[in-house]
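K.L.:
Protein chains: 2
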Amino acid sequence: MQRMTRQRAAVVEVLADSEEFRTAQELHDMVRGQGHSVGLATVYRTMQAMVSAGEVDVLRNAEGEAMYRRCERTEHHHHLLCRDCGRTEEIDAALVEQWAESVGRAHRFSNIEHTAELFGTCADCAADEDS
Amino acid sequence: MQRMTRQRAAVVEVLADSEEFRTAQELHDMVRGQGHSVGLATVYRTMQAMVSAGEVDVLRNAEGEAMYRRCERTEHHHHLLCRDCGRTEEIDAALVEQWAESVGRAHRFSNIEHTAELFGTCADCAADEDS
DNA sequence: CGTCGCGTTGACAACCATTCTCACCTTAGT
DNA sequence: ACTAAGGTGAGAATGGTTGTCAACGCGACG
Chain A
1 MQRMTRQRAA VVEVLADSEE FRTAQELHDM VRGQGHSVGL ATVYRTMQAM VSAGEVDVLR
61 NAEGEAMYRR CERTEHHHHL LCRDCGRTEE IDAALVEQWA ESVGRAHRFS NIEHTAELFG
121 TCADCAADED S
Chain B
1001 MQRMTRQRAA VVEVLADSEE FRTAQELHDM VRGQGHSVGL ATVYRTMQAM VSAGEVDVLR
1061 NAEGEAMYRR CERTEHHHHL LCRDCGRTEE IDAALVEQWA ESVGRAHRFS NIEHTAELFG
1121 TCADCAADED S
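For the protein sequence lines, the chains are A and B, in the order given.
Under my numbering, think of the first position of the first sequence as 1, with each following residue one higher.
Under my numbering, think of the first position of the second sequence as 1001, with each following residue one higher.
1. For a contact defined as C-beta to C-beta under 8 Å, what are the partners of A/H114 on chain B?
2. With 7 Å as the limit, tell me which residues of the stretch 86-97 of chain A have their beta carbon closer than that to any beta carbon of chain B; keep them in chain order.
3. Let me know the secondary structure DSSP gives B/G1033 once reduced to three states.
4. To test your reading of the DSSP string, which unbroken alpha helix (DSSP H) runs of 4 or more residues are found completely within the stretch 8-63 of chain A?
5. Is the beta carbon of B/L1059 closer than 7 Å to that of B/M1067?
6. Run through DSSP, which three-state label would B/E1065 get?
7. Distance, Cα to Cα, A/L95 vs A/Q48?
8. To the nearest angstrom, how far is the alpha carbon of A/V11 from that of A/M50?
9. Mind reading off the beta-carbon distance from A/T121 to B/F1021? Whole number of angstroms is fine, and I expect it under 8 Å.
10. Could you tell me whether the Cβ atoms of A/T23 and A/E65 are closer together than 7 Å?
11. Where do the N-terminal and C-terminal ends of the alpha helix (DSSP H) with B/A1106 fall, by residue?
12. Going by the DSSP bridge assignment, what does A/C125 pair with across the sheet?
13. Would a C-beta distance cut-off of 7 Å place B/L1040 and B/H1028 closer than the cut-off?
14. Is B/H1077 close to chain A, meaning its C-beta is less than 7 Å from at least one C-beta of that chain?
15. Checking the sheet assignment: what are the DSSP bridge partners for B/I1112?
16. Taking B/A1116 and B/H1078 to be in contact with their CB atoms under 8 Å, please state how far apart those CB atoms are, rounded to whole angstroms.
17. Could you please give the first and the last residue of the uninterrupted beta strand (DSSP E) stretch that includes A/T88?
18. Nearest CA to the CA of B/R1087: which residue from B/S1018, B/Q1025, B/E1097?
19. If the cut is a Cβ gap below 7 Å, which residues of chain B does A/A126 touch?
20. Going by CA-CA distance only, name the one from A/E63, A/G33, A/N61, A/R69 that's closest to A/T46.
21. B/G1104 to A/C82, Cα distance in whole Å?
22. Mind checking which residues open and close the beta strand (DSSP E) that includes B/H1079?
23. Any Cβ of chain B within less than 7 Å of the Cβ of A/R60?
24. Please decide whether B/H1107 counts as near chain A, where near means a Cβ-Cβ distance under 7 Å.
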């Protein structure tokens, strides 16, 4: 049974308000910034639960830290992140899915999974750099 | 200046003999298993150097640990890993490169980088599971 | 409403990959 | 060989993440 606790509600709310991928530590800070008191371990536990429930996406940044984000669409999709401001665009890429499948088949691998993320500099940040 | 030391040679050799992606710790064990004495920190340092020299590929496994591998081709490419035996196939995917570029352009992101790895069960391991 | 069972929590320790420190060692150029 | 500068190792430090366990609080049920 999954209970709705004060802490979980606080974490979910912060996550819902955030457009971008956040580390567990950032979420923790944000929750505390809103006056709630929530333990770091609880943030991690909540994220694990939501990830395995498919309600949240995880990805690892270049340093290997886990980052979480509540996505609009629940189906499988990919992301395009701005490496400066963290802005995130969701991308569905039937092309990549097909590619993964066909490459797997060509090498006689079964049960194919894949990761694919894009990183770049968004138009706004590129403009800022010029100035 | 880059010097060739006993330790570095040992690490490079082990890496050359290995077809699969290995964590720094695994490489360390393998080197010591061959009778050489090399510090773990040195393995990490050597890997960093080789990665930034483009001689070695890194990727992060699901747990976020860095894994290293010496690849045949030096150009940018992707991998298909067997999640059971670790076997690795190199894949060049012009398709994915184009996809990354065009998606980036469509969202007006510049300086696009991407990650894309495939995981599956190879034919041999699939056969083993049946038995 | 009150009780009770069990999922949940939090403070803190434990873990573990990775990096840093720093005194000592080795390579490479001459 | 001589020496400067890069390289090394043991261990400590770092930092993200997970485990521990007693105390807590949802919510089902009466």
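Ideal Cβ positions, reconstructed from N, Cα and C, are used throughout, including at glycine.
P.N.:
In this structure, then:
1. Here residue 114 of chain A corresponds to residue number 114 of the first sequence, with the count starting at 1. What A/H114 touches in chain B: A1116, E1117, L1118, F1119.
2. E89, I91, A93, L95, V96
3. Against the second sequence, residue 1033 of chain B aligns to sequence position 33. In this structure, B/G1033 counts as helix in the three-state DSSP scheme.
4. 24-33, 40-52
5. Mapped onto the second sequence, residue 1067 of chain B falls at position 67. Mapped onto the second sequence, residue 1059 of chain B falls at position 59. Contact: yes.
6. What you label residue 1065 of chain B is simply residue 65 of the second sequence in a count that begins at 1. Of the three classes helix, strand and coil, the one that applies to B/E1065 here is coil, per DSSP.
7. For the purposes of this step, residue 95 of chain A is taken as the residue at position 95 of the first sequence. For the purposes of this step, residue 48 of chain A is taken as the residue at position 48 of the first sequence. Each residue's Cα considered, the two are about 29 Å apart.
8. The sequence position of residue 11 of chain A within the first sequence is 11, counting from 1. The sequence position of residue 50 of chain A within the first sequence is 50, counting from 1. So the alpha carbons of these two residues sit roughly 11 Å apart.
9. Translated into positions along the first sequence, residue 121 of chain A becomes position 121. Translated into positions along the second sequence, residue 1021 of chain B becomes position 21. Not confirmed; about 29 Å, so no contact.
10. Within the first sequence, numbered from 1, the residue matching residue 23 of chain A stands at position 23. Within the first sequence, numbered from 1, the residue matching residue 65 of chain A stands at position 65. Yes. Within cutoff.
11. Mapped onto the second sequence, residue 1106 of chain B falls at position 106. That run of the alpha helix (DSSP H) goes 1094-1106.
12. The residue given as residue 125 of chain A occupies position 125 in the first sequence. A/C125 pairs with nothing; no bridge assigned.
13. Along the second sequence, read from residue 1 onward, the residue named residue 1040 of chain B stands at position 40. Along the second sequence, read from residue 1 onward, the residue named residue 1028 of chain B stands at position 28. The answer is yes: Cβ separation under 7 Å.
14. In the second sequence, residue 1077 of chain B corresponds to position 77, counting from 1. Not an interface residue.
15. Within the second sequence, residue 1112 of chain B is the residue found at index 112, counting from 1. The partner list for B/I1112 (beta bridge, DSSP) is empty, contrary to what the question assumes.
16. For the purposes of this step, residue 1116 of chain B is taken as residue 116 along the second sequence, with counting starting at 1. For the purposes of this step, residue 1078 of chain B is taken as residue 78 along the second sequence, with counting starting at 1. Confirmed, Cβ separation roughly 5 Å.
17. Position 88 of the first sequence, counted from the first residue, corresponds to residue 88 of chain A. Start and end: 88-91.
18. Residue 1087 of chain B sits at position 87 when you count from the first residue of the second sequence. Residue B/S1018 is the option with its Cα nearest to B/R1087.
19. Along the first sequence, read from residue 1 onward, the residue named residue 126 of chain A stands at position 126. What A/A126 touches in chain B: S1110.
20. Numbered from its first residue, the first sequence carries residue 46 of chain A at position 46. Of the listed residues, the one whose Cα sits closest to A/T46 is A/R69.
21. On the second sequence, residue 1104 of chain B is found 104 positions in, with the first residue counted as 1. On the first sequence, residue 82 of chain A is found 82 positions in, with the first residue counted as 1. Taking the straight line joining both Cα atoms gives about 10 Å.
22. If you number the second sequence from 1, residue 1079 of chain B lands on position 79. Its beta strand (DSSP E) spans residues 1078-1082.
23. Taking the first residue of the first sequence as 1, we reach residue 60 of chain A at position 60. At least one chain B Cβ lies under 7 Å of A/R60.
24. Locating residue 1107 of chain B in the second sequence gives position 107, where the first residue counts as 1. Judged by the 7 Å Cβ criterion, B/H1107 is in contact with chain A.
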